[in-house]
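Asker:
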Amino acid sequence: FVLKIKSHTGYNSCPRCEIEGERKENRTVFPYCELHKRPPNRTHNGYTDKLTNDHHLPNTDISILIELPMFDIINDFSLDYMHMLCLGVTKKLLFLWMNGPLNVRLPSWKIKELSDLAINLKSDFTCDFSRKPRKFEEVARFKATEFRAILIYYGFVILKDIITDDCYSNFMCLNVAMFILLSPDHQNLSSYAQNLLEYFVETFQNIYG
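Using our numbering, the letters of the sequence shown correspond one by one to residues 567 to 775.
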């Protein structure tokens with residue numbers, strides 16, 4: 567809303583580059599493409615000049631944030647980690663494992679085993695965590711902090727030998743990349759994290775379609 571651009575369901579909604587989405591199974595998706603085939607990144611001047619008109623909300627002015635001195639509307643605007651990663655990608659992964667295609671969907675007994683493993687970790691959670699693990703059958707009611715805990719802190723422990731090796735390796739790429747990017751002590755590994763995220767997106771498409 568602040569940027570006055572299309573929401574995440576729009577074909578030209580990406581705030582970072584000029585990739586155009588496509589419709590697949592009643593959803594807007596942005597297929598992975600190799601680096602040399604990717605569209606150009608968005609720029610501050612391109613935003614202010616509305617070079618990609620479909621990127622902006624119709625009949626509205628551009629964001630008032632462009633009046634901030636020395637502020638790049640593209641590169642200086644933080645992306646919403648909570649909705650993109652916790653309530654977005656992580657939630658999507660769990661839903662795929664529980665209700666997705668047969669090649670990745672877990673049988674009910676494995677979901678119960680996953681829940682039992684998570685519940686057994688309750689006593690190890692300190693007061694630093696606002697919520698303790700609960701049954702995966704309640705995943706539809708999970709909060710962002712619960713998805714964050716799964717992604718960063720304990721998912722890699724309980725998912726081992728439960729999901730397929732391909733799914734686990736794919737998840738671990740996201741886990742390690744986000745652990746690096748969320749830690750102020752590992753900024754020197756940001757390029758490695760980017761490579762992991764590239765590989766995560768590429769293999770995600772191969773595994774889940």
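Built from N, CA and C at the ideal position, the CB exists for glycine as well.
How would you call G721, buried or exposed, if buried means at least 16 neighbouring beta carbons within 10 angstroms?
Answerer: Buried.
Asker: Where are the alpha helix (DSSP H) runs, 4 residues long or more, that stay fully inside the region 596-646, in chain order?
Answerer: 610-614, all fully within the region 596-646.
Asker: For I593, list the residues DSSP reports as bridge partners.
Answerer: Reading off the sequence, residue 593 comes out as Arg, not Ile. DSSP output for R593 lists K590 as bridge partner(s).
Asker: Please report the straight-line C-alpha distance between S689 and Q771, rounded to a whole angstrom.
Answerer: Straight-line Cα distance between these residues: approximately 36 Å.
Asker: If F737 and L725 are in contact, beta carbons under 8 Å, what's the gap, nearest whole angstrom?
Answerer: Right, the Cβ-Cβ distance comes to about 6 Å (below 8 Å), so this counts as a contact.
Asker: Just verifying my parser: in three-state terms, what is the DSSP assignment at I716?
Answerer: Helix at I716.
Asker: If the criterion is Cβ atoms closer than 7 Å, does the pair I632 and K570 meet it?
Answerer: Their beta carbons are not under 7 Å apart, which means I632 does not touch K570 by this criterion.
Asker: If you count every other CB in all the chains shown that lies within 10 Å of the CB of F661, and 16 or more means buried, which is it?
Answerer: That one is exposed.
Asker: Give the secondary structure of I746 by DSSP, where H, G and I count as helix, E and B as strand, and everything else as coil.
Answerer: Of the three classes helix, strand and coil, the one that applies to I746 here is helix, per DSSP.
Asker: Which partner residues of I724 appear in the DSSP bridge assignment?
Answerer: DSSP, once it has assigned bridges, lists no residue as partnering I724.
Asker: Going by DSSP in three states, C693 sits in which element: helix, strand or coil?
Answerer: Looking at C693 - three-state DSSP - the assignment turns out to be coil, as it is neither helix nor strand.
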